[in-house]
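Enquirer:
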Ligand code: PRX
């Protein structure tokens, strides 16, 4: 498949960018024209950030799976769509061609229909990284059901919260998932979640690990048996449901500054158009390239750059089940060598952890096929950038540092590989269609270069968040109410003397731990559920591997007999309520927290102490109890 909208030079980038700002409607209409539509749109865009009410490709009709699958069959049905590399090196890999994937998606779409799933129903998917996960997602999209994929590291409580929020009556899961040396009992976790979710009608279970599971009559069915029924029905092709451009494609929960994760809703057409446009341009995808994104599909990176954009572009996506350093730190390099990977897209945290093993794991692995490297999820430090450049890319592969968010659907600020310049630790320039703006705390736009501010976006792009599921007001308050007529990202940003952007980290109470977003309020709520805890405050601190670590200040009701046991119990509570990813790295027991006279916790002070920047704590005389700061400083862990 060729891409008429692929930008090939800096000059073409400048022209495309200028056009996207001068006439965004025409710009996006030309790109959208290259997709497969049942019916073209009447109008390209209507928008009002104040509500927010954003509609792209109005009255256009389509189904994203026809763009991901059907339209490639005639010319490239035998091309690999998904290459799957299992957790264990001893298990053979699998290749699903476009024909195979089309067949299996149709088959599973029939399973969903047989089980009573209708257009608009919400389906929770809680699976490991097996090929059946993209099959399940695409089958939902085929029949117009809205998938909500939950990362396999979340706890039963987190799943229950999400099931209730989305009122999801259907679940697709696995008996278990292999992750490194562990076998995670996914169905058992689902069973725990379902104690609080009696409204769930059907659980479809894919057998991956032969982990014992309890299958409840009338509710739980096996994937394979349901497929057999469809085979007996003669494997009918499932006609793709005609979707309106603005019909939701999926919900993906993400953390914010309040205690409750929010369900980010993406549309069918806008998400498809923007994600594919960004994929083809940022990575400079060429037909036949093998694209390896190491993210888990449970996060937006996996949704967009393992599945939807790559398949819409007719590309080959490599997904793997394992962990970067298991069974050894050469795992990723083995995969690159074995499958002749051309594009590698990973997270700074993975680079930093692999860097720590030195160069030995690289020995004997050919990385010659690599052409483009990418990073995502958190700011990349210069040391990791240079290591990636020198030892993985051998100084011949451009590195794209891609800044974006669950809410943006696709990459927003990034260099285009080999086309626009790169600069270590800079995301660099916005993609065409993206108008970044820096503002000060009062919302005043900061013009010029060599300036810092809060990063906002001025004009809608096709894959902007449409709503937060079931609570539109929350979407407005979170993203569109902070600054007038701007989408607020929650990130701080520096624009250098040449107008290039460097993301400096979150300016709200959201942490970025190993590239995963975690709200401090969520962690505090979980800690506070422990019987021994009176109050807590959570902040981030710089962590060599994870980027940010979680530092919790905790006030207990009684002093504990054994502080370490208490810490372990608190960690266990957080693991139960959110998942192991949110466990504090450090817990300090304190007798009080620094508060203003009106009772507000001074997080700035707590951050400085966690960062060991005691010298810059500043004035504490306005605090209710300034002495508490000295105590906390002395007890820092
Ligand atoms: O703080 C930014 C950081 O990750 C946040 C978005 O997290 P999430 O929605 O989970 O999506 C992660 C994958 C797209 C952003 O607000 N972030 C993401 N990419 C970068 C980044 N920070 C610096 N540089 C990046 N390239």
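In this note's numbering, the protein residues as written are 5 to 641. In this text, a Cβ means the ideal position worked out from N, Cα and C, and glycines have one as well.
1. Consider the C-beta atom of residue 380 and the heavy atoms of the ligand PRX; say whether any pair is separated by less than 7 Å.
2. Can you name the residues that DSSP bridges to residue 592?
3. On the premise that residue 273 lies in contact with residue 447, defined as a C-beta separation below 8 Å, what is that separation, rounded to the nearest angstrom?
4. Strictly by DSSP, which residues pair up with residue 8?
5. Would you mind stating whether residue 468 and residue 412 have Cβ atoms separated by less than 8 Å?
6. Note down, in chain order, each residue of its chain lying with its Cβ closer than 7 Å to the Cβ of residue 460, except the 5 sequence neighbours on either side.
7. Along the chain, where does the beta strand (DSSP E) containing residue 579 start, and where does it finish?
8. Is any heavy atom in the ligand PRX found nearer than 7 Å to the beta carbon of residue 469?
9. CB residue 143 to CB residue 105, shorter than 8 Å?
10. If we count the other Cβ atoms within 10 Å of its Cβ and call it buried at 16 or more, is residue 14 buried or exposed?
11. Using only the alpha-carbon positions, how far apart do residue 317 and residue 72 sit?
12. By how many angstroms is the C-alpha of residue 22 removed from the C-alpha of residue 158?
13. So, are the CB atoms of residue 387 and residue 352 less than 8 Å apart?
14. Buried or exposed, going by whether 16 or more other CB atoms sit within 10 Å of the CB of residue 179?
15. Which one of 557, 215, 210, 508 has the shortest CA to CA distance from residue 231?
16. From residue 473 to residue 349, what does the alpha carbon distance come to, in whole angstroms?
17. What is the DSSP secondary structure of residue 473, counted as helix, strand or coil?
18. Less than 8 Å between the CB atoms is what I'm expecting for residue 25 and residue 439, so what's the real figure, rounded?
19. Mapping DSSP to helix, strand and coil, what is residue 597?
20. Strictly by DSSP, which residues pair up with residue 506?
21. For residue 377, name the three-state secondary structure that DSSP assigns.
22. Is residue 212 closer than 8 Å to residue 181 when the C-beta atoms are compared?
23. Assuming residue 133 and residue 300 form a contact by the criterion Cβ under 8 Å, report the distance between their Cβ atoms to the nearest whole angstrom.
24. In the DSSP assignment, the beta strand (DSSP E) including residue 178 goes from what residue to what residue?
25. Please return the same chain residues whose Cβ sits closer than 7 Å to the Cβ of residue 580, not counting the five positions on each side in sequence.
26. Would you call residue 612 buried or exposed, if buried means 16 or more other Cβ atoms sit within 10 Å of its Cβ?
27. Quick one: is the Cβ of residue 45 within less than 7 Å of any heavy atom of the ligand PRX?
28. In whole angstroms, what is the alpha-carbon distance linking residue 614 and residue 548?
Expert: With the given structure in hand:
1. In the chain shown, the residue the question calls residue 380 occupies position 376. Flag set: Cβ of residue 380 near the ligand PRX.
2. Along the chain shown, read from residue 1 onward, the residue named residue 592 stands at position 588. Residue 592 is bridged to 557.
3. By 1-based counting over the chain shown, the position of residue 447 is 443. By 1-based counting over the chain shown, the position of residue 273 is 269. Their Cβ separation, rounded to whole angstroms, is 31 Å, which puts residue 447 and residue 273 out of contact at 8 Å.
4. Residue 8 sits at position 4 when you count from the first residue of the chain shown. Residue 8 pairs with nothing; no bridge assigned.
5. Counting from 1 along the chain shown, the entry for residue 468 is found at position 464. Counting from 1 along the chain shown, the entry for residue 412 is found at position 408. Yes, they are a contact pair.
6. Position 456 of the chain shown, counted from the start, is the residue given in the question as residue 460. Result list for residue 460: 441, 443, 487, 490, 491, 492, 493, in chain order.
7. In the chain shown, counting from the first residue as 1, residue 579 sits at position 575. Element bounds for residue 579: not the beta strand (DSSP E) but the alpha helix (DSSP H), 567-581.
8. The residue labelled residue 469 in the question sits at position 465 within the chain shown. No, the Cβ of residue 469 stays beyond 7 Å of every heavy atom of the ligand PRX.
9. Counting from one through the chain shown, the residue named residue 143 turns up at place 139. Counting from one through the chain shown, the residue named residue 105 turns up at place 101. Not a contact, by the Cβ cut-off of 8 Å.
10. In the chain shown, residue 14 corresponds to position 10, counting from 1. Under this definition residue 14 is an exposed residue.
11. Residue 317 sits at position 313 when you count from the first residue of the chain shown. Residue 72 sits at position 68 when you count from the first residue of the chain shown. If I take the Cα positions, the gap works out to 7 Å.
12. In the chain shown, the residue the question calls residue 158 occupies position 154. In the chain shown, the residue the question calls residue 22 occupies position 18. So the two alpha carbons sit approximately 43 Å from each other.
13. Against the chain shown, residue 387 aligns to sequence position 383. Against the chain shown, residue 352 aligns to sequence position 348. Cβ distance not < 8 Å, so residue 387 and residue 352 don't count as in contact.
14. Residue mapping note: residue 179 aligns to position 175 of the chain shown, counting from 1. Residue 179 should be labelled buried.
15. For this step, residue 231 is matched to residue 227 along the chain shown. Taking only the C-alpha atoms, the option nearest residue 231 is 210.
16. Taking the first residue of the chain shown as 1, we reach residue 473 at position 469. Taking the first residue of the chain shown as 1, we reach residue 349 at position 345. Approximately 29 Å, taken between the alpha carbons.
17. Your numbering for residue 473 matches position 469 in the chain shown. Residue 473: coil per DSSP, three-state reduction.
18. As a first step, residue 25 must be located in the chain shown, where it is residue number 21. As a first step, residue 439 must be located in the chain shown, where it is residue number 435. That pair is a contact at about 6 Å.
19. Residue mapping note: residue 597 aligns to position 593 of the chain shown, counting from 1. Here residue 597 sits in coil by DSSP.
20. In the chain shown, residue 506 corresponds to position 502, counting from 1. Answer by DSSP bridge pairing, in chain order: 498.
21. Counted from its first residue, the chain shown places residue 377 at position 373. It is a strand residue.
22. Stepping through the chain shown from its first residue, residue 181 is reached at position 177. Stepping through the chain shown from its first residue, residue 212 is reached at position 208. Yes; because the gap between Cβ atoms is below 8 Å, this pair is in contact.
23. Mapped onto the chain shown, residue 133 falls at position 129. Mapped onto the chain shown, residue 300 falls at position 296. Confirmed, about 6 Å.
24. The residue given as residue 178 occupies position 174 in the chain shown. Its beta strand (DSSP E) spans residues 174-178.
25. The residue you call residue 580 lines up with position 576 of the chain shown. Taken in chain order, the residues that qualify are 159, 161.
26. Looking up residue 612 in the chain shown gives position 608. So residue 612 ends up on the buried side.
27. Working through the chain shown from its first residue, we reach residue 45 at position 41. No.
28. Along the chain shown, read from residue 1 onward, the residue named residue 614 stands at position 610. Along the chain shown, read from residue 1 onward, the residue named residue 548 stands at position 544. Computed Cα separation, rounded: 14 Å.
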